[in-house]
Amino acid sequence: MAPKEAVSIPNFATTQLSLLDAELQSELHETSSVLTNSTPTALFRAGLALPNLLLVSQRTGLGGKTVLELGPDPAVSSSADGDLPEHGLRAGDIVRVAEQPAGSAKKRETKALEDAGGRGVVTRVARNCVLVALDGEDEDAPGASGKRVWIVKLANDVTYKRMNLNMMKLQKMKSEEYSSFVRVLFGLTTPSPVEEISISPDAWVDPSLNESQKDAIRFALGSREIALIHGPPGTGKTHTLIELILQMLKQNLRVLVCGPSNISVDNIVERLAPHKIPIVRLGHPARLLPSVLNHSLDVLTQTSEAAAIVKDVRKEMDSKQASIRKTKSGRERRVVYGELKELRKEFREREKKCVGTLVGQSKVVLATLHGGGGFQLKDEKFDVVIIDEASQALEAQCWVPLLWTRAEKLILAGDHLQLPPTIKSSNSKSKPAKPKDVSGDIIQGMTLETTLFDRLLSIHGPDIKRMLTTQYRMHEKIMRFPSDELYEGKLVAAEAVKERLLKDLEYSVEETEDTIEPLVFWDTQGGEFPEKSEEEEDSVKGKLMGESKSNEMEAVLVKKHVQSLVDAGVKPEDIAVVTPYNAQVTFICSYTCMWIFWIRSIQHITLLAPEEGRGLNQLAALAESSAAALHIIFGM
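Numbering (this note's numbering), first residue to last: -10 to 625.
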């Protein structure tokens, strides 16, 4: 297929800036309006705030940041064990810690107190405390005076700022500054011919790779600028990427691996770790899986040989932090904060050297797309950037590591036939406004749902892509529908799963009409299964969550179906119920009086099909499970 018309880089950047602004404004409106127009009591009930806290301690974290440990005030706590009340805060949330207003405080008073506090990131949530790493260097940390404080969850605009900065950089780039790599990404030139790569049988790290996986790896190694690995669910995309990375290391290449989410990156870290290669995982430790923390920059700066240069300064800073609460006057505190300021400066200088050593010695660095533009990678050079789950990432996100590291080769892995990134704004229906003070025209019809994976395929055609065709998760009958409808019938079920049924589980399961069929459809269309639309009971939650739906009769069917599986011997932990609506989840849990949850080793799925017209893609996405059987209840 011949490449289609090239994309104007200034026009592309201008359009992206416009679309990103619309998306950010939509997200800010969704959360900020609630925060600024609600009382403290309403915010707490909505899970957006945690009140009645006292400063327990403070210490020094990565980057010299002050980390506050906040616990419940025993004077007002309802827990005899000192536990926190139920709340909606999670590690990684952007929050503000501030002196707590009265429960009856007016909105204006609440906003004034909120602005006076410190902004930061929740690093840990425990049963009896919350840890927050502050962004700034305020003289008085919230709560240092002994007064009661609260934590308020904020909208996160940090990622948008970084995407905007990169789009502005791209927009201002002169044509003579375009590298051959950038020109290929916008269709100004065609990709270079793919080099023929031969890998001997004993050179594969994992000899169990199937031929489509090996072909994708050889193709990616031989491509000079871009390569797309199309991995439908269950085809071993991550497995393939691990082998690809290891083969690149044999060629003495340095690799930056990114993904749109922390979980997508952590999954690769877990798979790479057993190979004992030098890797560093960038990112806030609060957002990482416990299993990858030993590879995180935060832990390595405290435990590695390079960490010795910062250890003594950190210890002295912690001592100063602890002494703050013992001061008796504001003057004494100011003296301590002055000493801390100087120590923090020295700490950052030493830590910068430590970080540079750790990152510089790593052949593989892993980060989210946002983290790929962090200060830790400034002036670092990588031979290849690999982006996993690329079909779930905004294109502007992908440009963060590409422009920051000045990469010259890109490998995208994902499935463009699954659901695109979640977009909250209505930019696909409205005409975007041109940002101020930028050149370039708006490209009509472009939306944020069009990913870099999609755009490169539309420009250069399928010759830049290789598809993985053997799937290892589904019975052949489950696979057949998404294969025929989405993947041109190219998927093939591996022998180990093609005839796997519930009755064949490793433990005893009775043969019934439910355990011998891999795929069952239940038609719930019609008046006997009325759907109920409802607003969240809490008005603040309602503003954030919007309308949700439930169907009582479908819940009855689910209960009956799950019970029949359990009666046949299927373990409850091997059963999951998937529904697109929170209201239905709540209804099923309360109706059945049992917990039904999602785990990685799912053997059976019951799906209440979505009423939003996206059933085809969502059905294919169910292949993310290790399903032996898939029973579907359709509510059309």
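Ideal Cβ positions, reconstructed from N, Cα and C, are used throughout, including at glycine.
In angstroms with no decimal places, state the Cα-to-Cα distance between M583 and R322. Unreliable positioning characterises M583 in this predicted model, as indicated by a pLDDT of 44, which lies under 50. A coordinate reading is not provided.
Near I(-2), which residues of its chain fall below 6 Å by C-beta distance, leaving aside the five closest residues on each side in sequence? Annotation for I(-2): F175 place their beta carbon closer than 6 Å to its own, counting only its chain and skipping 5 residues before and after.
Please state the DSSP three-state secondary structure of G211. Of the three classes helix, strand and coil, the one that applies to G211 here is helix, per DSSP.
By how many angstroms is the C-alpha of A396 removed from the C-alpha of T224? Between the alpha carbons of T224 and A396 lies a gap of roughly 28 Å.
How many angstroms separate the CA atom of R320 from the CA atom of G135? For R320 and G135, the distance between alpha carbons rounds to 16 Å.
Alpha carbon of K203 to alpha carbon of L358, nearest angstrom: CA-to-CA, the gap between K203 and L358 works out to about 26 Å.
For Q89, collect the residues of the same chain with a Cβ closer than 6 Å to its Cβ; drop the 5 residues on either side in sequence, then sort them by chain order. Hits under 6 Å: P40, R137, V138 and W139.
Cα-Cα separation between R589 and A572, rounded to whole angstroms: With a pLDDT of only 29 at R589, under the threshold of 50, the placement of this residue in the model should not be trusted; the figure read from the coordinates follows. Here the alpha carbons of A572 and R589 stand approximately 24 Å from one another.
Residue span of the beta strand (DSSP E) that contains Q433, given as start and end: Looking at the DSSP string, Q433 is not in any beta strand (DSSP E), and its letter there is neither H nor E.
Out of A356, E543, S197 and L399, which one is the CA nearest neighbour of G211? Closest by alpha carbon: L399.
Span of the beta strand (DSSP E), counted from its first residue to its last, around M456: Counting along the chain, the unbroken beta strand (DSSP E) around M456 starts and ends at K454 to M456.
Burial state of H264, where buried means 16 or more other Cβ atoms lie within 10 Å: In summary, H264 is exposed, with fewer than 16 beta-carbon neighbours lying within 10 Å of its beta-carbon over all protein chains present.
For F510, which of helix, strand or coil comes out of DSSP? The three-state reading of DSSP puts F510 in strand, counting E and B together.
Any heavy atom of the ligand SAH inside 7 Å of the beta-carbon of S250? Because no ligand of any kind appears in the structure shown, any question about the ligand SAH cannot be addressed here.
Could you name the residues of the same chain whose beta carbon sits closer than 8 Å to that of L347, not counting the 5 residues immediately before and after it, in chain order? Excluding its 5 nearest sequence neighbours in each direction, L347 has C-beta neighbours in its own chain below 8 Å: V269, L286, L289, T290, S293 and A295, listed in chain order.
Straight-line CA distance for E232 to Y167? E232 and Y167 have their alpha carbons spaced roughly 32 Å apart.
Have a look at D473, I505, T459 and P507 and flag the residue whose alpha-carbon is nearest the alpha-carbon of E484. Closest option to E484, Cα to Cα, is T459.
Continuous alpha helix (DSSP H) stretch holding P390: start and end: Residues E384 to T394.
Report the rounded CA-to-CA distance for G361 versus F371, giving the unit in angstroms. Those two C-alpha atoms are separated by around 11 Å.
Does the count of Cβ pairs from the stretch 499 to 517 and the stretch 550 to 565 closer than 8 Å reach three? The stretch 499 to 517 makes contact with the stretch 550 to 565; the number of CB pairs closer than 8 Å reaches 3 or more.
From G604 to L494, what distance separates their C-alpha atoms? Here G604 scores only 41 on pLDDT, less than 50, and its place in the model is too uncertain to base an answer on.
Leaving out the 5 sequence neighbours to the left and right, which residues in its chain are closer than 7 Å to V574 when beta-carbon positions are compared? Excluding residues within five positions, the ones whose Cβ falls inside 7 Å are T568.
Under the rule that 16 or more other beta-carbon atoms within 10 Å means buried, what is R85, buried or exposed? The residue in question, R85, is buried, as its Cβ has 16 or more Cβ neighbours within 10 Å.
In DSSP terms, what E259 is bridged to: Among the bridge pairs identified by DSSP, E259 is matched with none.
Helix or strand or just coil, what does DSSP make of R713? Not covered by the structure: residue 713. The range shown for the chain is -10 to 625.
At which residues does the beta strand (DSSP E) containing K142 begin and terminate? Looking at the DSSP string, the run of the beta strand (DSSP E) that includes K142 is V138 to K142.
Where Q89 sits in the DSSP three-state scheme: Coil.
Rounded straight-line distance, which links the Cα of K521 to that of A598: In this predicted model, A598 has a pLDDT of only 38, less than 50, meaning its place in the structure is not dependable; the value taken from the coordinates is given anyway. Going from the Cα of A598 to the Cα of K521 covers about 15 Å.
Close beta carbons around V183, own chain, < 7 Å, minus the five adjacent residues each side: So the list reads F208, G211 and S212, once near-sequence residues are dropped.
DSSP beta-bridge partners of T49: T55.
Counted within 10 angstroms of its Cβ, other Cβ atoms place F510 as buried (16 or more) or exposed: By the neighbour-count criterion, in which 16 or more other beta carbons inside 10 Å mark a residue as buried, F510 falls on the exposed side.
Give me the Cβ distance between V147 and T112, rounded to the nearest whole Å; I'm assuming they're in contact under 8 Å. Separation of the CB atoms of V147 and T112 is rounded to 16 Å, and the pair is thereby denied contact status at 8 Å.
Kindly list the residues whose CB is nearer than 8 Å to the CB of E259, restricted to its own chain and excluding five residues on each side of it in sequence; keep chain order. Hits under 8 Å: L278, S280 and V281.
G434 to K334, Cα distance in whole Å? Between G434 and K334, the C-alpha separation is close to 49 Å.
Please tell me whether K309 and V325 are closer than 8 Å, where the distance is taken between their beta carbons. Less than 8 Å separates the beta-carbon of K309 from that of V325.
Nearest by alpha-carbon distance to S67: which of N117, G81, A38 and G109 is it? Taking only the C-alpha atoms, the option nearest S67 is N117.
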